[in-house]
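Undergrad: Take a look at the following structure, please.
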Amino acid sequence: MSSDSAEEWQVVRRGKGASRKFRSHQQIPSVCLQEQLDVEKLVRRIRDTVSDLRAEEIWQQWKNQLLVSTSLSRPSDSIKTGGQQDKDTEATARQQLECVCYGLGSFSSCVSARYQLAMLLLLLDAGHIPLKDCSLYDPAFSVAEKDILRELGLTVLTENEEGKRLATKPTLFYLMHCGKALYNNLLWQNWNPHCLSLVTIIGNCFSGIRERTFERELKRDYSYINKAVDLCEERLLPCPSRLIDVFSDTAIITFPSDRLNKLPSSTWTDSPEPQYQHCSDLEIILKQTSVLDSRETSLS
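Next comes the structure, spelled out in structure tokens:
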């Protein structure tokens, strides 16, 4: 790892009580310049981390698993098949595939989050997913971090979807160490054979979540995770001991259509939206409800 990337990160933040409208015109340019310089420095550090991770054995292992699990292959692989139809099919798959990342965390101050971002960038490249087709959201992102993501070419979402993203095309969901509610919401939103077959998740192993959660709690509050364990196919991804805090308990989770289509129709009926009334520690930041919305709800 380069010495630059090994340094601690520090995003320049405005001081408390320093409201922008009370700052003089002489002060604003210098603050903006300092923030811009830090953004450029952090972008370089992320790219250094990508280079470091690319040289690690874990990356080649993850890359191979991704290509197998998503049925993607590199251009040279399609040539070996010899068929123009195979190459056309592959090109179509690459064109349609997109990526959504939730809960990455504050990568400007957290080394683990920085490594997870670097892995995401490598996976996008391996999966032939254009950077602009990868959308990210985390309430923890600072203004500077959003600028960094845009500088890298990624798309920053402005709305907290709470994980309730409907997959209308093959989608890779990158959900590293996210809370159970976020996984549960994603599953609920796509709870039918067609949509689930379009979903690929890189995140916490569902079977591991079930083992670590009380059965009563899992069935009551996270029922979609509980049911998905028996519907999905999980490939546990390797993790070296020195990166245990970064990539532990991570799997590629897919939902084979042949397995889904064999299930009775009752599997997909009676699928209410999760509410989490009994969860004291929800592990997810819900989107803010405006005062007006709250008043309308109370009056309805």
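Sequential numbering of the sequence shown, starting at 19, is according to our numbering. Think of the CB as a built atom: it goes at the ideal place given N, C-alpha and C, for glycine as much as any other residue.
Using alpha carbons as the reference points, say which of 287, 260, 277, 147 lies closest to residue 130.
TA: In the sequence shown, counting from the first residue as 1, residue 130 sits at position 112. Among 287, 260, 277, 147, the Cα nearest to that of residue 130 is on 260.
Undergrad: Apply the 10 Å Cβ neighbour rule to residue 142 and answer buried if 16 or more other Cβ atoms are within range, or exposed otherwise.
TA: Residue mapping note: residue 142 aligns to position 124 of the sequence shown, counting from 1. It counts as buried.
Undergrad: Can you check which of these residues, 256, 116, 199, 250, is closest to residue 276 by C-alpha distance?
TA: As a first step, residue 276 must be located in the sequence shown, where it is residue number 258. With distances taken between CA atoms, residue 276 lies nearest to 250 out of 256, 116, 199, 250.
Undergrad: Is the segment 134–149 in contact with the segment 68–87, if contact means three or more CB pairs nearer than 8 angstroms?
TA: yes
Undergrad: May I ask you to report which of helix, strand or coil DSSP gives residue 221?
TA: Within the sequence shown, numbered from 1, the residue matching residue 221 stands at position 203. Three-state result, residue 221: strand.
Undergrad: So if DSSP puts residue 193 in a beta bridge, which residue, or which two residues, is it bridged to?
TA: The sequence position of residue 193 within the sequence shown is 175, counting from 1. BP columns for residue 193 point to 221.
Undergrad: Do residue 204 and residue 273 come within 8 angstroms of each other at the CB atom, strictly closer than that value?
TA: In the sequence shown, residue 273 corresponds to position 255, counting from 1. In the sequence shown, residue 204 corresponds to position 186, counting from 1. No, Cβ-Cβ distance for residue 273 and residue 204 is not below 8 angstroms.
Undergrad: Residue 247 by DSSP, collapsed to three states: which one?
TA: Stepping through the sequence shown from its first residue, residue 247 is reached at position 229. The answer is coil: DSSP assigns residue 247 none of H, G, I, E or B.
Undergrad: Identify the residues that DSSP records as bridge partners of residue 153: which are they?
TA: Walking along the sequence shown from the start, residue 153 turns up at place 135. In the DSSP output, where bridge partners are listed per residue, residue 153 has 118, 173.
Undergrad: When we look at the beta-carbon of residue 282 and count the other beta-carbons within 10 Å, is it buried (16 or more) or exposed?
TA: By one-based count along the sequence shown, residue 282 stands at place 264. Answer is exposed; the Cβ neighbour count stays below 16.
Undergrad: Taking the alpha-carbon positions, what's the residue 219 to residue 195 distance?
TA: What you label residue 219 is simply residue 201 of the sequence shown in a count that begins at 1. What you label residue 195 is simply residue 177 of the sequence shown in a count that begins at 1. If I take the Cα positions, the gap works out to 12 angstroms.
Undergrad: Would you list the one or two residues that DSSP bridges to residue 262?
TA: Taking the first residue of the sequence shown as 1, we reach residue 262 at position 244. None, per the DSSP bridge assignment.
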